[in-house]
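A.B. asks: Just add 9 to wherever you are in the sequence shown, counting from 1, and you've got the numbering used here. Backbone N, C-alpha and C define an ideal beta-carbon position, used for all residues, glycine too. This structure is a prediction, so every number in the text was calculated from the model and none was measured.
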Amino acid sequence: MPRRLITISLTTILLLTGSLAFGAAGEEIYQVERGFKLVPAIIMVALLCIYIGVGFLSKVSSTSGYWVAGQGVGTLGNGAAIASDWMSAASFMGVAGLLYLKGWFGLGYIIGWTGGYVLLLCLIAAQIRRFGKYTIPEFLGDRYNSHGVRLIAASVTVIIAITYSTAQFKGIGLICGWIFGMDYTASVFFAAGVVCTYMLISGMSGVTRNQQIQYVVLISAFLIPLWVLLRKAGGTGILPQIEYGHIISNLMEGQVASGQLDPEATKALKNAYLPWGKGNFYHFIALVFTLMVGTAGLPHIMIRFYTVKNEDVARRSVLWGLFFIGLLYWSSPVYAAMGQFWNPAGGKAVADVIILSAPERAGLGNAFIGYLASGALAAGLSTVAGLLIAGASAIAHDWYATVYRPDCTDRQALFIGRVFTAVLCGVVVLFALNPPALIAQIVAMAFAIAGNTIFPAVVLGIWYSRSNKYGALAGMAFGLGMTLLAMFGWMAKIPMFGEQGILPATSSALIVCPLAFLINILVSNATDNKLDEESIERGDNILRKLHNLPDPVAEDDPQEKNAFSH
């Protein structure tokens, strides 16, 4: 039996049988109706079979196909894949949950996550595609001519993949627990088996095609029940994104499905929907900034620009991706309002499953809610797949094939990539069994890592010719160290790193990211004379390629020749 099939079989058996061996559950599962549900299960299994079938039909045998889908994805297809990559369990479930819990303050997540695509469009997308290889660590390693920078970037990519995927597996676990009647832990293992199966078979080619299908599933699953839900709440259901305003007005007066709230509960609900009712200006701006730079620094999003045909397609696919993403974010506040209307007393325990809890309490029926749950699962699976590809490529391509075994064959690199896809999946499952925060908050921590490490190094690598490997190493080490400190401080419940602290783990980039830029610039200028001619020339050539400039002219025109020199 080929080694690939052995890897797939062992991983799948381990994860699926592991789902029968554990018995803990996330508390959110107890906030919705438990037990096996036939109709949602049929919908879910049918879609899972489609995803795995697409993965099998798209199976690849080259590293280009596994990492970047052969660089043959078009504008609309990549836009849908970007949106599906982006529309994670955090977006599908977590944003509605945070808006339900935090009211107006939760809008910071929507503003920051969508605003980050403007940074991507203006600063990164076209230049990354012109570079035209496989991974972000590869770009940074080549631009700075440093294996040290490459290895740090690859390590950060793996950390981001693990942190981000932990949040997705929490969402997937809650959904599978609701549909199949499993407890939380069992459903996490079950979902991991599904993800690994089609990931190991197909790579990025199958993931991209699946993400296009999954976007259609998730956006239709998110919008269709919303019309019915609003009608049951007293609206016409024609355009819920505009109509829900009168529901908000009623909520602020304490009117919910069960009747009139008491004065204290009414005051608390009204306070949540007013600006700065929960949180203050500093924490709002810090959150928005962190999510913006984090979005522009996520390796699994930037790697999508390697999968397209050229830089023009890269730019246009960002616009389509932003449009597709906006359709869902436009609707998330409606689910939050419906959650307050149908379940105003749920609190934190129900936040991450409010998109299921509200329709259940409204009596929508298992068919509607089952399709909604299938959309949530599609959101989680699509994002996890992209994250695992980015993490595995960082290990197999940037650690193994570039640094440790540069003479390895494509077949060997592909095998290592598949092995580490499974390994990363297993690591994520272990973290997901005891997640440290709400889904969207865990994701925000991953964004802080990206915004404080990858984003400054990439932006300065593209737009600041004097930035060198010493500055990049110093800036990335500082950004990573400070972000991890904030994350561990959050988990240790140290006030400084908590939600109301000066350096929250979910919003640390407002302070850390500018300092990482500054450190990179200062160290680069201080060490400018330490660079050898090879590093200077290589950086020059890459910058010319990134900005589509002509090659250096003859020696007698030094001004033009040194356009990007140090």
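Between P308, V297, L232, Q264, which lies nearest to S341 when the distance is taken from Cα to Cα?
C.D. replies: Within the sequence shown, residue 341 is the residue found at index 332, counting from 1. The option with the nearest alpha carbon to S341 is L232.
A.B. asks: What is the C-beta distance between L442 and V197, in whole angstroms, given that I count them as a contact (C-beta under 8 Å)?
C.D. replies: The sequence position of residue 442 within the sequence shown is 433, counting from 1. The sequence position of residue 197 within the sequence shown is 188, counting from 1. Going by Cβ atoms, the distance from L442 to V197 rounds to 6 Å, so yes, they are a contact pair.
A.B. asks: In this structure, what does DSSP give as the bridge partners for G268?
C.D. replies: By one-based count along the sequence shown, residue 268 stands at place 259. In the DSSP output, where bridge partners are listed per residue, G268 has V265.
A.B. asks: Using C-beta distances below 7 Å, list every residue in its chain close to T166, excluding the 5 sequence neighbours before and after it, in chain order.
C.D. replies: Residue 166 sits at position 157 when you count from the first residue of the sequence shown. Cβ within range, chain order: I145, P146, P308, A399, G400, A403.
A.B. asks: Kindly give me the distance between the Cβ atoms of V237 and G246, rounded to whole angstroms, as I take these residues to be in contact under 8 Å.
C.D. replies: Taking the first residue of the sequence shown as 1, we reach residue 237 at position 228. Taking the first residue of the sequence shown as 1, we reach residue 246 at position 237. About 7 Å separates the two Cβ atoms, so the contact holds.
A.B. asks: I'd like the span of the alpha helix (DSSP H) that includes R414, first residue to last.
C.D. replies: Position 405 of the sequence shown holds residue 414. Run containing R414: none; DSSP gives neither H nor E here.
A.B. asks: Do you know offhand how far M261's Cα is from T275's?
C.D. replies: Against the sequence shown, residue 261 aligns to sequence position 252. Against the sequence shown, residue 275 aligns to sequence position 266. Taking the straight line from one Cα to the other gives about 7 Å.
A.B. asks: For L110 and K357, which I take to be in contact (beta-carbon distance under 8 Å), what is that distance rounded to the nearest angstrom?
C.D. replies: Residue numbering aside, residue 110 sits at position 101 when the sequence shown is read from its first letter. Residue numbering aside, residue 357 sits at position 348 when the sequence shown is read from its first letter. 6 Å between Cβ atoms; contact.
A.B. asks: Could you tell me which of Y479, I503, R427, A385 sits nearest to A176, measuring between CA atoms?
C.D. replies: Here residue 176 refers to the residue found at position 167 when the sequence shown is read from its first residue. It is A385.
A.B. asks: Do the region 489-507 and the region 269-283 make contact, defined as three or more Cβ pairs closer than 8 Å?
C.D. replies: The region 489-507, when compared against the region 269-283, does not touch it at the 8 Å Cβ threshold.
A.B. asks: Between the beta-carbon of N289 and the beta-carbon of S544, is there less than 8 Å?
C.D. replies: Residue 289 sits at position 280 when you count from the first residue of the sequence shown. Residue 544 sits at position 535 when you count from the first residue of the sequence shown. Result no, Cβ atoms of N289 and S544 do not sit closer than 8 Å.
A.B. asks: Alpha carbon to alpha carbon, how far is L130 from W329? Give it in angstroms, no decimals.
C.D. replies: Numbered from 1 along the sequence shown, position 320 holds the residue referred to as residue 329. Numbered from 1 along the sequence shown, position 121 holds the residue referred to as residue 130. Cα-Cα distance, rounded: 11 Å.
A.B. asks: Label S391 either buried or exposed according to how many other C-beta atoms from any shown protein chain fall within 10 Å of its C-beta, with 16 as the threshold for buried.
C.D. replies: In the sequence shown, counting from the first residue as 1, residue 391 sits at position 382. Buried, because 16 or more other Cβ atoms sit within 10 Å of the Cβ of S391.
A.B. asks: Under the rule that 16 or more other beta-carbon atoms within 10 Å means buried, what is P559, buried or exposed?
C.D. replies: In the sequence shown, the residue the question calls residue 559 occupies position 550. Exposed.
A.B. asks: Is L300 near the ligand MG, going by C-beta to nearest heavy atom under 7 Å?
C.D. replies: Within the structure as shown, the ligand MG is missing, as the structure has no ligands at all.
A.B. asks: Answer with buried or exposed for K502, where buried requires no fewer than 16 other C-beta atoms within 10 angstroms of its C-beta.
C.D. replies: For the purposes of this step, residue 502 is taken as the residue at position 493 of the sequence shown. By the neighbour-count rule (16 or more Cβ atoms within 10 Å), K502 is not buried but exposed.
A.B. asks: Roughly how many whole angstroms lie between the Cα atoms of I137 and V428?
C.D. replies: Along the sequence shown, one-based indexing puts residue 137 at 128. Along the sequence shown, one-based indexing puts residue 428 at 419. Answer to the nearest angstrom: the Cα atoms are 27 Å apart.
A.B. asks: Do you know whose CA, among Y344, I294, G125, lies nearest I364's CA?
C.D. replies: If you number the sequence shown from 1, residue 364 lands on position 355. The shortest C-alpha separation from I364 is found at Y344.
A.B. asks: Give the straight-line distance between the Cα atoms of W76 and A514, rounded to the nearest whole angstrom.
C.D. replies: As a working mapping, residue 76 is identified with position 67 in the sequence shown. As a working mapping, residue 514 is identified with position 505 in the sequence shown. Any reading at W76 is ruled out, since the residue's pLDDT is 41, under 50, leaving its predicted position unreliable.
A.B. asks: Considering Cα atoms alone, identify which of G121, G488, G498, I458 is closest to I168.
C.D. replies: Taking the first residue of the sequence shown as position 1, residue 168 is located at position 159. When each option's Cα is compared against that of I168, the closest is I458.
A.B. asks: So the candidates are E252, N477, A163, N461; which of them puts its Cα closest to the Cα of A535?
C.D. replies: As a position in the sequence shown, residue 535 is number 526, starting the count at 1. The option with the nearest alpha carbon to A535 is N477.
A.B. asks: Excluding the five sequence neighbours on either side, which residues of its own chain have a C-beta within less than 7 Å of the C-beta of R240, listed in chain order?
C.D. replies: For the purposes of this step, residue 240 is taken as the residue at position 231 of the sequence shown. Closer than 7 Å at Cβ, skipping near neighbours: G246.
A.B. asks: Considering only the alpha carbon of each residue, which of F456, W122, R152, I425 lies closest to A495?
C.D. replies: Residue numbering aside, residue 495 sits at position 486 when the sequence shown is read from its first letter. Nearest option by C-alpha distance: F456.
A.B. asks: Does the Cβ of T418 have 16 or more other Cβ atoms within 10 Å, making it buried, or fewer, making it exposed?
C.D. replies: What you label residue 418 is simply residue 409 of the sequence shown in a count that begins at 1. With fewer than 16 Cβ atoms within 10 Å of its Cβ, T418 is classed as exposed.
A.B. asks: Any chance you could list the alpha helix (DSSP H) runs of at least 4 consecutive residues sitting entirely within the region 125-152, in chain order?
C.D. replies: DSSP runs (the alpha helix (DSSP H)) wholly in the region 125-152: 134-140, 145-152.
A.B. asks: With a cut-off of 8 Å on the beta carbons, I'd call N461 and K46 a contact; round off their distance for me.
C.D. replies: Within the sequence shown, the letter at position 452 stands for residue 461. Within the sequence shown, the letter at position 37 stands for residue 46. At roughly 42 Å, the Cβ-Cβ gap does not stay under 8 Å, so N461 and K46 are not in contact.
A.B. asks: Which residue from A486, E542, G470 puts its Cα closest to that of G150?
C.D. replies: Counted from its first residue, the sequence shown places residue 150 at position 141. With distances taken between Cα atoms, G150 lies closest to G470.
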